[in-house]
Amino acid sequence: LDAPAYLERVTVNSVAHVRQAKKAIKKAFQNQVEGKGFSLVEVLSACPTNWGMTPQKALEWIDEKMIPRYPLGVYRDKED
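When we follow this note's numbering, the leftmost residue of the sequence shown carries the number 52, and every step to the right adds one.
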């Protein structure tokens, strides 16, 4: 993709991942403020109520099922 300035997929299933998600979201907003172009951060998160799981099981499910299917990472960063 040529148009997006920044694309990243993150998750919020651990403290370390929450910190990374905050950095990614901040970078996306900063790109917009600086006029660098469109940015998108996709966040994988749990919904234990709708999934019929305990919160802990939902976080484990993200690790076991979602992340292998939807890998985390920076997919585009025009600064690199």
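C-beta atoms are modelled at their ideal positions from N, C-alpha and C, and glycine is treated no differently.
| query | result |
| --- | --- |
| Backbone secondary structure at T105 - three-state DSSP | coil |
| T62 beta carbon less than 8 Å from that of L95 | yes |
| C-alpha distance - T39 paired with K78, whole-angstrom precision | Nothing about residue 39 can be read from this structure; the chain reaches only from 52 to 131. |
| Neighbourhood of L123 by C-beta, 7 Å cutoff - its chain only, sequence neighbours within 5 removed | R60, V61, T62 |
| Cα-Cα separation between R70 and N64, rounded to whole angstroms | 11 Å |
| N-terminal and C-terminal residue of the beta strand (DSSP E) that V66 is part of | First-last for V66: 66-84, but that is the alpha helix (DSSP H), not the beta strand (DSSP E). |
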